[in-house]
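Chemist: Protein sequences appear in the order of chains A and B.
Using this note's numbering, the first residue of the first sequence is number 37, and each one after it goes up by one.
Using this note's numbering, the first residue of the second sequence is number 90, and each one after it goes up by one.
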Amino acid sequence: MESIKDRYAIVGIGQSPVTLRSGRSELSLALEAVTAAIEDAGLHTKDIDGIMGDHPIRVDAMAIAGALGLRRVGFFIEPEFAGGGVPGGIMHALAGIAAGRAEHVVCYKSLNGASKVTVPGMAFDLAPHENGFTRPFGLLDPAAYAGLAARRHMHEYGTTSRHFGAIAVTCRRHANRNSHAIMHDRPLTLEDHQQSELLADPLRILDRCVDVDGAAACIVTTAERARDLRQRPVYIMAAGQALSPCLARGTKDPTLPENETSLLSRQLFSMAGLTPSDIDVLQICDDFTCYVLMALEDLGFCRKGEGGGFVEGGHLDWPDGKIPLNTSGGNLSEGNLEGFNHIVEGVRQLRGAAQAQVGGAETVLVCGATGTATSGLILRR
Amino acid sequence: MPYLPIPLPLPYPESEGFWEGCRRHELTIQACEDCGAYCHPPSPLCPACRSWKRGWSRVSGRGTVAGFTIVTRAIFPGMPVPYNIVRVELQEQQGLCLLGNLIDCPPETIEIGMPVTVVFEDVEPYITMYYFRRTEPDNSGET
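(1) Comparing the C-beta of P226(B) with each C-beta of chain A, is any distance below 8 Å?
(2) Check distances from the C-beta atoms of the stretch 101-125 of chain B to those of chain A and list, in chain order, the residues that come in under 9 Å.
(3) Once DSSP output is grouped into helix, strand and coil, what is the label at Q190(B)?
(4) Note the first and the last residue of the continuous beta strand (DSSP E) segment covering P133(B).
(5) Between R9(A) and chain B, is any beta-carbon pair separated by less than 8 Å?
(6) With a threshold of 8 Å, are at least 3 pairs of Cβ atoms found where one atom belongs to the stretch 200-207 of chain A and the other to the stretch 325-333 of chain A?
(7) What are the complete beta strand (DSSP E) segments, minimum 3 residues, inside the stretch 346-374 of chain A?
(8) Rounded to whole angstroms, what's the CA-CA distance from I218(A) to N372(A)? Just pull it up for me.
(9) Going by DSSP in three states, P182(B) sits in which element: helix, strand or coil?
(10) Could you check if V54(A) is buried or exposed, using at least 16 other CB atoms within 10 Å of its CB as the buried criterion?
(11) Listed in chain order, which residues of the stretch 95-116 of chain A have Cβ atoms closer than 7 Å to some Cβ of chain C?
(12) Would you report the Cα separation of A118(A) and G167(B), rounded to the nearest angstrom?
(13) With a cut-off of 8 Å on the beta carbons, I'd call G341(A) and E348(A) a contact; round off their distance for me.
(14) DSSP state of I218(A), grouped into three classes?
(15) Looking only at its chain, what residues have a beta carbon closer than 7 Å to the beta carbon of P100(B), apart from the 5 residues adjacent to it on each side?
(16) Under a three-way DSSP split, which group does E210(B) fall into?
(17) Quick check: is the beta carbon of P223(A) nearer than 8 Å to any beta carbon in chain B?
(18) Can you list, in chain order, the residues of its chain with a C-beta nearer than 8 Å to that of R208(A)? Leave out the 5 residues immediately preceding and following it.
(19) Here's a check: name, in chain order, each residue in its chain whose Cβ is nearer than 6 Å to the Cβ of T195(A), leaving out the five neighbours to either side.
(20) So which residues of chain B does G168(A) contact, with C-beta pairs closer than 9 Å?
(21) I'd like the ranges of any beta strand (DSSP E) spanning at least 3 consecutive residues and lying wholly in the stretch 246-333 of chain A.
(22) For T158(B), go through chain A and note every residue whose CB falls closer than 7 Å to its CB, in chain order.
(23) Using DSSP with H/G/I as helix, E/B as strand and the rest coil, what is D85(A)?
(24) Answer yes or no: does any C-beta atom of chain B fall closer than 8 Å to that of F173(A)?
(25) List the DSSP bridge partners of C403(A).
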C-alpha cells in the first residue's frame, strides 16, 4: 500500500464567530464556515464533489449538499467520536479522493454547544449493553470519566491539580492573543484555576472546555491540484486513527503502557518520518486538561508519568516555549469546536497567518480528543 | 427541573447472568469455560482466547479502589451531588474492574488502594443493584 505522505493538502479554511448565544441554527453556522473555506481556497461551490460531514446527529452531509445545491457529490462520510474523530475524518476524505470518488472535499463541524438544550447524559453513551455498568452509578457525563482517569494519574505519578491548571493557563494566555476567542480579554491565573468550582474531583470547571456556538471548515484536495489554487498549500504528512480495547471496559487507565494515543503516535511519526523533536506547534484537542497532559506523554513529548513537570516548565507557551500548544486557545479558551478549530489554527500557523504566530513554524501535530477513539494529523508547509 | 429517574440497567443477552447473580445477592462474573479468564463487562466472545463458551462464576466480591472521582456539579436531576464513582479492581484477576458507588464513606476518606467489598440493594422487583463498602484489609494472603 502506498503512503499518503505529502500527496494531499489543505487548501482552504473557514470559521464562523464563536459566541455563547448565536441565535443561529447549526446549519447556518456550518454554511458560514464552509462557504468561507471554499472562497479562501479560490474554488467555486460547484467544484465541491466530496463532503466530510459533522457527526450524523448534527448537520449531516445531505444538509450541506442540499443547502449549497451540490450536484456532483460522489463521496461523503460523517465521522463519529466527536472530538476524537475529526482528524480521522480528514483521513477518510483523503481515502475518498484516493478512491477517485472526489477531488475537492469540504470538511466541517458545527455546534450549538452553548445555546442548545440537550438532555443531560444522553449524548454520551457507551454501547447499550454496557450502559448498565456505568449510568446507574452516575457516570453520565464526560467529566466523570475524565475525573477517574485524572485521579489515577495523580496517584501513580504525583501529578497535581496545579499541573492540570498550567494547561488551562497556557490555553487562556493564547486565547488572549486571539481576538475571536470566547475567553479573549479574560486573563486567567493558576490561582483562579485553583479556586474555581469542582466539577468531578479532581477536575474543576476550568479544567473543562467552554461550550460555544460556532463552526469551522476546511477543503482538502490532491497536492497536484493544490499548487494551482489561491493559498500556499499545507501538506498532510501523516493521518491516522486509533482505538484501544481498554476503552470499551469503561474508563481510561493512564498507567497502562499502551493506549489509543500511543498507538496513534507510532503511526503518525512513522508515516511522516519525523520524531516529536521535529514538531514546531502542537494542537491537541483539549476537552479536559488532564487528557492533554496524558496525550503529551503518550505522543512522546515527555516520558510517561512526567507530564506534570513538563507542563510546568513553560515548554508549551507562545512565543518562547519549545513547542507552543493550542495557539488560538483551544477548546478550553477559544471555544469547543471539538478540535476542528485545532486544524484550522494549524493551517494558519503554517501559512504564517496566526495571531500567536510561531516563528518559522514548519510542522504541526494535530491530535484529536483522547480517552476515546482518537485520530491525528501531521501537517507541514 | 422535571424529575428524571436514574437509568436502571437494562439486561442484555450477555449481561443477564450478572444481574441474575445480583438478584441472589451474589457477585457473578462472566468466566470462560475454556481458559477460565474472567471478563467484565460480559462479552459473547472471550477476549483472552476467543472461545464462545461463556460461563458464570461467583467471585469473592472483594477488591481494591483503582480509581475514583467525586461528582460535585449536578448533571442529572435524579442524582443529588456530591456522589462518588469508584473503579474497583477485583482480587480474582489483574485488570478485572467494575465501576460503582462506594456507600457509607465520606468523600475525603476515599483512597486508591482502599479495600472494598460488594453489597447489594433490591431497588425494583426485578433489579438488584450492587455497590461497594469499605472493608478492613483482607489478610488471607490473596490481596
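Idealized CB from N, CA, C, for every residue including glycine.
Modeler: On the basis of the supplied data:
(1) The residue given as residue 226(B) occupies position 137 in the second sequence. Not an interface residue.
(2) Y101, P102, E103, S104, F107 and W108
(3) Within the second sequence, numbered from 1, the residue matching residue 190(B) stands at position 101. Checking the sequence, you will find Asn at residue 190(B) rather than Gln. Three-state DSSP puts N190(B) in coil, outside helix and strand.
(4) For the purposes of this step, residue 133(B) is identified with residue 44 of the second sequence, where counting begins at 1. Taken as a continuous stretch (DSSP letters only), P133(B) belongs to no beta strand (DSSP E), as it is neither H nor E.
(5) The question about residue 9(A) has no answer, for chain A in this structure spans 37 to 417.
(6) yes
(7) none
(8) The residue you call residue 218(A) lines up with position 182 of the first sequence. The residue you call residue 372(A) lines up with position 336 of the first sequence. One C-alpha to the other measures close to 10 Å.
(9) For the purposes of this step, residue 182(B) is taken as residue 93 along the second sequence, with counting starting at 1. Per the sequence shown, the amino acid found at residue 182(B) is Gln instead of Pro. In the structure shown, Q182(B) sits in coil (DSSP, three-state: anything other than H, G, I, E or B).
(10) Position 18 of the first sequence, counted from the first residue, corresponds to residue 54(A). V54(A) is buried by the Cβ-count criterion.
(11) Among the protein chains of the structure shown, namely A and B, there is no chain C.
(12) On the first sequence, position 82 is the one that residue 118(A) refers to. On the second sequence, position 78 is the one that residue 167(B) refers to. C-alpha separation (whole angstroms): 26 Å.
(13) As a working note, residue 341(A) is residue 305 in the first sequence. As a working note, residue 348(A) is residue 312 in the first sequence. Actually they do not touch by this definition, with Cβ atoms about 14 Å apart.
(14) For the purposes of this step, residue 218(A) is taken as residue 182 along the first sequence, with counting starting at 1. Three-state DSSP puts I218(A) in coil, outside helix and strand.
(15) Looking up residue 100(B) in the second sequence gives position 11. The residues are W108.
(16) Indexing the second sequence from 1 puts residue 210(B) at position 121. The answer is strand: DSSP assigns E210(B) an E or B state.
(17) Taking the first sequence and counting its residues from 1, the one referred to as residue 223(A) is at position 187. It does not; no Cβ of chain B falls within 8 Å.
(18) Indexing the first sequence from 1 puts residue 208(A) at position 172. Excluding residues within five positions, the ones whose Cβ falls inside 8 Å are M219, R222, P223, L224, G365, L368 and S369.
(19) Here residue 195(A) is taken as the residue at index 159 of the first sequence, counted from 1. For T195(A), where only same-chain residues beyond five positions count, the Cβ hits under 6 Å are H189 and G344.
(20) Within the first sequence, numbered from 1, the residue matching residue 168(A) stands at position 132. Under the 9 Å cutoff, chain B gives P96, L97, P98, L99, P100, Y101, S104, F107, W108 and P130.
(21) 249-258, 270-278 and 317-320
(22) Reading the second sequence from its first residue, position 69 is the one you call residue 158(B). The answer, in chain order, is A180, G183, L184, R187, A236 and D237.
(23) What you label residue 85(A) is simply residue 49 of the first sequence in a count that begins at 1. It is coil, neither helix nor strand.
(24) Indexing the first sequence from 1 puts residue 173(A) at position 137. Yes, F173(A) counts as interfacial toward chain B.
(25) In the first sequence, the residue the question calls residue 403(A) occupies position 367. BP columns for C403(A) point to I320(A) and G412(A).
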